[in-house]
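Reviewing the structure listed below.
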Amino acid sequence: MESVPLHRHCRVCGSPTPPEDSFCSPKCAHTRGQQVRQQRLYTVVFVALTIFIIIALFSRV
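Counted the way this note's numbering counts, the sequence shown spans residues 5 to 65.
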């Protein structure tokens with residue numbers, strides 16, 4: 005059985021990369037940065053909306 009060289013996979017596209025790298029290219033690193041920012045925005049919007057709904061429900065009581 006052949007030995008597979010030590011490697012990791014790109015966090016975006018899954019291509020094999022050297023063990024010290026997380027991304028195979030600057031394009032994938034940029035894409036991941038955009039994904040993280042978008043996920044953070046969705047989280048902030050979700051929390052704000054939840055707080056707004058809770059305040060709206062309790063202000064009617």
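Every residue gets a Cβ at the ideal spot worked out from N, C-alpha and C, and that includes glycine.
{"Item": "How is residue 1 classed by DSSP in three states: helix, strand or coil?", "Value": "Nothing about residue 1 can be reported from this structure: the residues present for the chain run from 5 to 65 only."}
{"Item": "Would you grab the beta carbon distance between residue 26 and residue 15 for me? Rounded to a whole angstrom, and I think it's under 8 Å.", "Value": "6 Å"}
{"Item": "Would you list the one or two residues that DSSP bridges to residue 12?", "Value": "21"}
{"Item": "Roughly how many angstroms separate the alpha carbons of residue 47 and residue 63, rounded to a whole number?", "Value": "24 Å"}
{"Item": "Might you give, ordered along the chain, the residues of its own chain that have their beta carbon closer than 8 Å to the beta carbon of residue 22, omitting 5 neighbours on each side?", "Value": "11, 12"}
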